[in-house]
Ligand code: ADP
Ligand code: MG
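Numbering (the numbering used here), first residue to last: 470 to 674.
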């Protein structure tokens with residue numbers, strides 16, 4: 470079972486991955502956007518870390534809804550409301566339970582990713598965070614490790630795509646040949662999930 474502490478570890482591991490990779494995310498965004506994705510995500514997850522420390526939430530769902538709220542209120546770029554919606558919607562779908570199964574997380578994350586698609590109007594292949602998130606949710610039915618690998622593969626697979634949503638779409642064909650920054654940060658989020666599962670022992674059950 471995945472308890473509240475597991476979800477806190479997930480957010481903490483995401484925050485440190487974002488911290489570590491911020492300049493890479495910003496470099497990717499410099500190529501096809503406005504060079505702020507690293508600092509946007511850093512600002513957001515710094516606020517997430519502070520909020521989780523200040524009022525530690527009592528349930529898995531509350532960890533994610535509080536985190537999502539922080540992202541929405543602190544990140545100015547497109548990614549803030551999108552990631553915020555992902556976490557809030559996923560948290561809401563987990564409800565009030567004190568512990569959840571991986572199967573319940575798959576369902577909830579599926580609802581979160583669907584909400585991102587609805588909010589941003591993007592679909593698979595549009596060269597966005599969804600290109601990492603959609604395959605990750607599918608692979609999460611198998612295991613946390615499979616989800617991490619699928620998200621990473623999905624992010625790499627954005628390189629040859631032409632962006633059809635967001636700022637990068639303004640570049641048209643010139644967006645081809647670059648990895649999408651949001652798909653890259655989404656792969657970090659999913660890798661952090663697998664990391665949280667690794668440290669819980671039996672989290673893959
Ligand atoms: P901004 O584009 O406002 O500068 P960021 O640089 O923080 O915001 O985030 C850019 C990332 O957001 C993109 O790489 C892409 O993955 C994601 N993104 C942008 N628009 C959409 C959308 N409509 N749907 C899904 N993801 C999107
Ligand atoms: Mg940007």
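The beta carbon of each residue, even a glycine, is placed where N, CA and C say it ideally should be.
Worksheet item: Going by Cα to Cα distance, which pick from 637, 489, 536 is closest to residue 503?
Response: 637
Discussion item. Tell me which residues share the same chain as residue 568 and place their Cβ nearer than 6 Å to its Cβ, disregarding the 5 neighbours each side in the sequence.
Written reply: 470, 472
Discussion item. What I want to know is whether the C-beta of residue 636 ends up closer than 7 Å to one or more non-hydrogen atoms of the ligand MG.
Written reply: yes
Worksheet item: Residues in its own chain within less than 7 Å of residue 674 by CB, not counting five upstream and five downstream?
Response: With a pLDDT of 45 at residue 674, under the threshold of 50, the predicted position of this residue should be treated as unreliable, and no value is reported.
Worksheet item: Taking buried to mean at least 16 other C-beta atoms within 10 Å of its own C-beta, is residue 639 buried or exposed?
Response: exposed
Item to complete: Mind checking which residues open and close the alpha helix (DSSP H) that includes residue 647?
Response: That residue, residue 647, is in no alpha helix (DSSP H); it is neither H nor E in DSSP.
Worksheet item: In three-state terms, what does DSSP make of residue 630?
Response: coil
Worksheet item: Just to confirm, does residue 652 get its C-beta within under 7 Å of one of the non-hydrogen atoms of the ligand ADP?
Response: yes
Item to complete: Would you identify the three-state DSSP class for residue 472, choosing helix, strand or coil?
Response: strand
Discussion item. Suppose you measure from the CA of residue 655 to the CA of residue 641; what does that come to, to the nearest Å?
Written reply: 23 Å
Worksheet item: Can we count residue 551 as close to the ligand ADP, meaning its CB is less than 7 Å from some heavy atom?
Response: yes
Fill in: Identity of the residues DSSP links to residue 568 by a beta bridge
472
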